[in-house]
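Read the structure below first, then the notes.
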Amino acid sequence: MNSILAMPVVFPLFIGIIMLFFWQHRSIQRIINVIGSTVTLALAIYLTWYIKTSGIQCLYIGAWKAPFGIIFTADLLTMTMILVSGIIGFATALYSLGTMDETREHFGYYPLLQIMIMGINGSFMTGDLFNMFVWFEVLLISSFSLVALGGERSQLEGAIKYVILNLLSSSLFVVGVGILYGITGGLNMADLARKIPMLPNKGIINVMAMFFLVSFGIKAAIFPLFFWLPASYHTPPAAVSAIFAGMLTKVGVYALFRVFTLIFVTDIAFTHTIIIIIAMLTMLSGVLGAASQMEFRRILSFHIISQIGYMILGLGLMTPLGIAGGVFYIFHHIIVKTNLFFVSGVVSELKGTYLLKKLGGVLKLYPLLGLLFLIPALSLGGVPPLSGFWAKYTVAVAAVEKSEYLALAVSLFVGLLTLFSMIKIWNEVFWKEQKAEYAAEQQTLRQLPKFKIAMMFAPIILLAAITLFIGLYPEPFFDYANEAAHQLLNPSVYINAVLGGAQ
Amino acid sequence: MEFVLAIIVGILATSAFYLMLRRSLVKVILGMVFLGNAVNLTIFSVARVTKGFAAFIPENANTLEGTYADPLPQALILTAIVIGFGTQAFAIALFRKAFQKVGDDDLDKMNSTDIMCNEDIPGGK
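Sequence order for the protein chains is A and B. Okay, so the first sequence: first residue is 5 according to the numbering used here, each after it adds one. Okay, so the second sequence: first residue is 8 according to the numbering used here, each after it adds one.
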């Protein structure tokens, strides 16, 4: 009776197909998209509650018993991701109503969005490595289309880099899966976790671990594999880059968390030390890249990279507190980063540009927008009492516990530089006077329809409220992250839940 | 047999990476196709090549007996071929569109997203 586990995957597909029947009817697609995203969110909330109360659940597709068939497995990490993808999907659905242009809506923006969410949820849900590759391709092909939809020159150029590097990463992933199958005879992740410690040849497992680190690393944009991200994320419309910034790299991070807590745990001293080193370099290179940029969304794109560093630092530490910090960080980061992209979209809607040089004076005209930027921005920088503070604090404490003082120093330094970048945006966009020569292109909020304004601000306020709530009342979220970390660090629970019923 | 396959995979992968590092879009797409084939052959050869033993269950038995070729890698390769075909088709369409917009298939000319912070380019905000 676990077929509800398939719902976060099947329902977006269903919605996407329904929308295809209304290809010519933009308004119907919009309504279906909002209703569909709301239902997906409700499903995600219900499922999270269900998994929280009843433990890890599996769905054996076609009643093929594990380890032979494809399975869906939901543990607390999966549910964190599904829940947050539901929230972001809902927020993006609203935001699209306010900002998406007519042409893109006519050419299948909404169906593509739903299919991408299906792919994202599928890669979180699956318990089978090859199946994860298939879900990756589902989300990639729809994200390729979304990033190129509209066909502006910058979009196409960004899309080329995005497409080539992601296809390369998929190829490496398939090779890794193929070789793992060759040496173990299994593809089910729980089955692999059981078989790998028994293999005599330890060397090849580390080689495989590196295959997966590189291939998921390209998707997660870790150092030195992140170059596609700042080249492409600032080119599509704000709604698209917001959901990309929130969800897509985090699929890679989720995959890293999954395989490096479940499958590749035989030689932690080797693999996880590499992860810690990469995490430090990722944080540094991301934040330094951001410091040199003068375009709103490019600064934010580079910050995605530096924040990924914190998450995989938590993974590299491999302590209960480190993993819990990583999970907490993912949740907080997705909400905050999507919100920042939303705000950048509103600013560009008003001022007609993303270039810091041309922007200015937003605070004087729209103090509320300034406040709504400040909440996620300071949270990203780790200012208490916002959510980012608790996330950074947890990871930092975990680093101290493990005596990784260099990682601690880097993470604190990067936090400072993050704050610097956010203050740069604040100064340039909100605080300074706009130069008169650039003031001509702008429009005021009053010129926009009321509905559009409401739909632009509603998701920003919603996500800012969640950030504030996590910041002021982090305990339930932290307890949840702790429990998720406990599950991840005790793979036997996962393995028994998947294979127990089958043996 | 594995020996021959390994050599072929090596040649395909080498030429794939060489082509993907070229600046011309056409060569990049050819490189992607080669890499896809190299990957599929790798899966085929690591999962043990068994010649002449199709995985059919005999008429009076319920399970496979004796030597048989593992059908799963073939299913994996089939899936990977189909997915690869789709993504490559998309990439060709995308590259063609980009070629039309930029007017050149040189990847070095496609750096306006990196310099747009300083200059205004057509189509960029």
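By construction, the Cβ of each residue, glycine as well, lies at the ideal position given by its N, Cα and C atoms. This structure is a prediction, so every number in the text was calculated from the model and none was measured.
When burial is assigned at 16 or more other CB atoms within 10 Å of the CB, is A/Leu260 buried or exposed?
-> By one-based count along the first sequence, residue 260 of chain A stands at place 256. It is buried - the Cβ of A/Leu260 has at least 16 other Cβ atoms within 10 Å.
Inter-residue spacing [alpha-carbon to alpha-carbon] between A/Lys436 and A/Gly356 = Translated into positions along the first sequence, residue 436 of chain A becomes position 432. Translated into positions along the first sequence, residue 356 of chain A becomes position 352. The straight-line gap from Cα to Cα measures roughly 17 Å.
Rounded to whole angstroms, how far is the Cβ of A/Thr44 from the Cβ of A/Pro16, which I believe are closer than 8 Å?
-> Within the first sequence, residue 44 of chain A is the residue found at index 40, counting from 1. Within the first sequence, residue 16 of chain A is the residue found at index 12, counting from 1. At roughly 6 Å, the Cβ-Cβ gap stays under 8 Å, so A/Thr44 and A/Pro16 are in contact.
Chain A partners of B/Ser119, CB-CB under 9 Å?
-> Taking the first residue of the second sequence as 1, we reach residue 119 of chain B at position 112. Correct list: Arg157, Ser158 and Glu161.
What are the complete alpha helix (DSSP H) segments, minimum 4 residues, inside the segment 126-153 of chain A?
-> 133-152
Quick one: is A/Ala506 near chain B, going by C-beta distance under 8 Å?
-> Counting from one through the first sequence, the residue named residue 506 of chain A turns up at place 502. Low confidence applies to A/Ala506: its pLDDT is 47, below 50, so where it sits in the model is not reliable, and the reading given next is rough at best. It does not; no Cβ of chain B falls within 8 Å.
Quick one: grab the DSSP three-state call for A/Leu45.
-> Locating residue 45 of chain A in the first sequence gives position 41, where the first residue counts as 1. A/Leu45 falls in the helix class under three-state DSSP.
CA-to-CA distance, A/Val404 to A/Leu410, given in whole angstroms | Position 406 of the first sequence holds residue 410 of chain A. Position 400 of the first sequence holds residue 404 of chain A. Taking the straight line joining both Cα atoms gives about 10 Å.
Does the beta-carbon of A/Thr239 have 16 or more other beta-carbons within 10 angstroms, so that it is buried, or is it exposed?
-> Counted from its first residue, the first sequence places residue 239 of chain A at position 235. A/Thr239 comes out buried.
Inter-residue Cα distance where the pair is B/Leu32 and B/Leu26 | As a position in the second sequence, residue 32 of chain B is number 25, starting the count at 1. As a position in the second sequence, residue 26 of chain B is number 19, starting the count at 1. Whole-angstrom Cα-Cα distance: 9 Å.
Compare the C-beta of B/Cys41 with all C-beta atoms of chain A and state if any pair is closer than 8 Å.
-> Numbered from its first residue, the second sequence carries residue 41 of chain B at position 34. Checking the displayed sequence, the identity of residue 41 of chain B turns out to be Phe instead of Cys. Taking Cβ atoms only, chain A never reaches closer than 8 Å to B/Phe41, which makes this a no.
Output, in chain order, the set of chain B residues within a Cβ distance shorter than 7 Å of A/Ile145.
-> The residue labelled residue 145 of chain A in the question sits at position 141 within the first sequence. Ordered by position in chain B, the residues that pass the 7 Å Cβ test against A/Ile145 are Gly93, Thr94 and Phe97.
A/Ile226 and A/Ile316: beta carbons closer than 8 Å?
-> As a first step, residue 226 of chain A must be located in the first sequence, where it is residue number 222. As a first step, residue 316 of chain A must be located in the first sequence, where it is residue number 312. Against a cut-off of 8 Å, the Cβ pair of A/Ile316 and A/Ile226 comes out as a contact.
Check A/Glu299 in the structure and name its three-state DSSP category.
-> Looking up residue 299 of chain A in the first sequence gives position 295. Three-state result, A/Glu299: strand.
Own chain residues within Cβ distance below 6 Å of A/Gly313, not counting five before or after = To locate residue 313 of chain A, count along the first sequence from 1; it is residue 309. Excluding sequence neighbours, A/Gly313 sits near Ala283, Thr286 and Met287.
Anything in chain B within Cβ reach of A/Tyr185, meaning under 8 Å, just list it in chain order.
-> Walking along the first sequence from the start, residue 185 of chain A turns up at place 181. In chain order: Ile50, Val53, Ala54, Leu79, Pro80 and Leu83.
Starting from A/Ala78, follow the beta strand (DSSP E) in both directions and report where the run begins and ends.
-> As a first step, residue 78 of chain A is located in the first sequence; it is residue number 74 there, counting from the start. First-last of the beta strand (DSSP E) with A/Ala78: Ile75 to Ala78.
N- and C-terminal bounds of the beta strand (DSSP E) containing A/Leu63 = What you label residue 63 of chain A is simply residue 59 of the first sequence in a count that begins at 1. Unbroken beta strand (DSSP E) run through A/Leu63: Gln61 to Tyr64.
Between A/His336 and A/Gly392, is the Cβ-Cβ spacing less than 8 Å?
-> Numbered from its first residue, the first sequence carries residue 336 of chain A at position 332. Numbered from its first residue, the first sequence carries residue 392 of chain A at position 388. Yes, the Cβ-Cβ distance between A/His336 and A/Gly392 is below 8 Å.
Cβ atoms of A/Ile86 and A/Ile12: under 8 Å apart, would you say?
-> If you number the first sequence from 1, residue 12 of chain A lands on position 8. If you number the first sequence from 1, residue 86 of chain A lands on position 82. According to the sequence displayed, residue 12 of chain A carries Pro and not Ile. Cβ atoms of A/Pro12 and A/Ile86: closer than 8 Å.
Expected contact under 8 Å - CB spacing of A/Gly475 and A/Pro389 to nearest Å = The residue given as residue 475 of chain A occupies position 471 in the first sequence. The residue given as residue 389 of chain A occupies position 385 in the first sequence. Sure, about 5 Å apart at Cβ, within 8 Å.
Which residue comes first and which comes last in the alpha helix (DSSP H) that contains A/Tyr484?
-> Within the first sequence, numbered from 1, the residue matching residue 484 of chain A stands at position 480. Segment Glu479 to Leu493, the alpha helix (DSSP H) holding A/Tyr484.
CA-CA distance, A/Ile200 and A/Phe332?
-> Position 196 of the first sequence, counted from the first residue, corresponds to residue 200 of chain A. Position 328 of the first sequence, counted from the first residue, corresponds to residue 332 of chain A. So the alpha carbons of these two residues sit roughly 29 Å apart.
Examine chain A for any beta-carbon lying closer than 8 Å to the beta-carbon of B/Thr86, and answer yes or no.
-> Taking the first residue of the second sequence as 1, we reach residue 86 of chain B at position 79. B/Thr86 counts as touching chain A.
Consult DSSP for B/Asp112 and reduce its assignment to one of helix, strand or coil.
-> Locating residue 112 of chain B in the second sequence gives position 105, where the first residue counts as 1. Looking at B/Asp112 - three-state DSSP - the assignment turns out to be coil, as it is neither helix nor strand.
Do the CB positions of A/Val351 and A/Leu363 come within less than 8 Å of each other?
-> On the first sequence, position 347 is the one that residue 351 of chain A refers to. On the first sequence, position 359 is the one that residue 363 of chain A refers to. Yes. Within cutoff.
Which residues bound the alpha helix (DSSP H) around A/Phe220?
-> The residue labelled residue 220 of chain A in the question sits at position 216 within the first sequence. Start and end: Lys206 to Ala224.
Can you grab the Cα-Cα spacing for the pair A/Ser7 / A/Gly256, in whole Å?
-> Counting from one through the first sequence, the residue named residue 7 of chain A turns up at place 3. Counting from one through the first sequence, the residue named residue 256 of chain A turns up at place 252. Rounded to whole angstroms, A/Ser7 to A/Gly256 spans 26 Å at the Cα level.
Would B/Lys58 count as contacting chain A if we go by Cβ distances under 8 Å?
-> On the second sequence, residue 58 of chain B is found 51 positions in, with the first residue counted as 1. It does not: the Cβ of B/Lys58 has no partner Cβ on chain A nearer than 8 Å.
Reduced DSSP secondary structure (H/G/I, E/B, other) of A/Leu452 | Within the first sequence, residue 452 of chain A is the residue found at index 448, counting from 1. Note: A/Leu452 maps to coil in three-state DSSP.
Measure from the alpha carbon of A/Leu81 to the alpha carbon of each residue in A/Pro115, A/Tyr166, A/Pro380 and A/Ser127, then state which is nearest.
-> The count along the first sequence starts at 1 and reaches residue 81 of chain A at position 77. Of the candidates A/Pro115, A/Tyr166, A/Pro380 and A/Ser127, the one whose C-alpha sits nearest the C-alpha of A/Leu81 is A/Ser127.
Compute the Euclidean distance between the alpha carbons of A/Phe300 and A/Leu359, then round it to the nearest angstrom.
-> In the first sequence, the residue the question calls residue 300 of chain A occupies position 296. In the first sequence, the residue the question calls residue 359 of chain A occupies position 355. Their backbone Cα atoms lie some 6 Å apart in a straight line.
Give me the Cα-Cα distance between A/Leu172 and A/Tyr477, rounded to the nearest whole angstrom.
-> Stepping through the first sequence from its first residue, residue 172 of chain A is reached at position 168. Stepping through the first sequence from its first residue, residue 477 of chain A is reached at position 473. The straight-line gap from Cα to Cα measures roughly 42 Å.
Grab the span of the alpha helix (DSSP H) containing A/Ser348 for me, first residue to last.
-> Along the first sequence, one-based indexing puts residue 348 of chain A at 344. Segment Pro324 to Lys355, the alpha helix (DSSP H) holding A/Ser348.
To which residues of the same chain is A/Val142 closer than 6 Å at the C-beta, ignoring the five residues directly before and after it?
-> If you number the first sequence from 1, residue 142 of chain A lands on position 138. Gly123, listed in sequence order.
Quick one: what's got a C-beta closer than 8 Å to A/Ile457's C-beta in the same chain, skipping five residues either side?
-> In the first sequence, the residue the question calls residue 457 of chain A occupies position 453. Only Gly102 and Leu449 meet the Cβ criterion.
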